[in-house]
Structure formats: structure tokens, C-alpha cells
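Each remark here refers to the structure printed beneath this line.
What follows is the structure in C-alpha cells.
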């Protein structure tokens with residue numbers, strides 16, 4: 001197949017145009033690859049930051065769970081102490097009531113004894129005056 005000069009010139013122009021397009025596409029691909037590499041680096045950095053934050057949050061959650069357990073144990077201790085204190089208070093109130101009753105009984109016995117002593121003294125005094 002023979003080409004004339006005009007056809008040959010057109011072919012050369014087409015080849016040059018295709019080479020320019022190819023060169024432009026290669027540059028675009030290189031830029032895209034560079035952008036991809038930068039994005040990979042950014043992603044790796046962001047991923048590392050995220051993993052560090054997740055680790056710190058996990059440690060914080062563990063610490064809070066331990067604190068929660070400690071607080072629950074302290075609350076249980078306080079509940080036990082409160083129940084014991086209530087029981088002790090109830091026992092003390094019962095003892096106080098018994099002591100009040102005993103005190104009242106002793107007061108009555110003392111009053112009765114004092115009344116008898118007064119009667120004996122009064123009788124002795126009256127006997128003394130009657131005899132004199």
C-alpha cells in the first residue's frame with residue numbers, strides 16, 4: 001500500500017496526536033498513582049490514630065468497669081452495714097424498752113418500800129407518843 005505525501009502527513013499528525021494523548025494519559029496515571037500513594041499514607045496515619053484512640057477508649061472502659069465494680073462493692077458493704085446498724089438499733093431500742101420497764105418496776109418497788117417504811121415510822125412515832 002502506497003501513501004501519498006498528504007496521507008503520510010495526516011498519518012504522522014495522527015501518530016503525534018496519539019503520542020501526546022498517550023503521554024498525557026501516562027502523566028495522569030502517574031499523578032493518580034501519586035495521589036493513591038498519598039491517600040494510602042493518609043489512610044495508614046488515620047488508621048493508626050483511630051486504633052490508638054480505640055485502644056485508649058478500651059482502657060478507659062476497662063478502668064470505668066473496674067471503678068463500677070468497686071463502687072458496687074462499696075454500696076453492698078454500706079447496705080450490709082446499714083442493715084446491721086438497723087438491726088443493732090432495733091436491738092438497742094428493745095433493750096431500752098426493757099430497761100424502762102425495769103426502771104418503772106424498780107420505781108414502783110422503791111415507792112412501795114418507802115411507803116412501808118413511812119408507815120412503820122409513823123406507827124413507831126404514834127406508839128411512842130401513845131406510850132409517853
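Residue numbers (our numbering): 1 to 132.
Every residue gets a Cβ at the ideal spot worked out from N, C-alpha and C, and that includes glycine.
Remember, predicted model here, so these are calculated numbers, not experimental data.
Practice problem: Note down, one range per segment and in chain order, each beta strand (DSSP E) of at least 3 residues found wholly within the segment 42 to 80. | Solution: none
Practice problem: Keeping to the same chain, check which residues put their C-beta closer than 7 Å to that of residue 71; ignore five residues upstream and five downstream. | Solution: Your numbering for residue 71 matches position 71 in the chain shown. There are no such residues.
Practice problem: Could you have a look at residue 4 and say whether DSSP puts it in helix, strand or coil? | Solution: Taking the chain shown and counting its residues from 1, one reaches residue 4 at position 4. DSSP places residue 4 in coil when its eight states are reduced to three.
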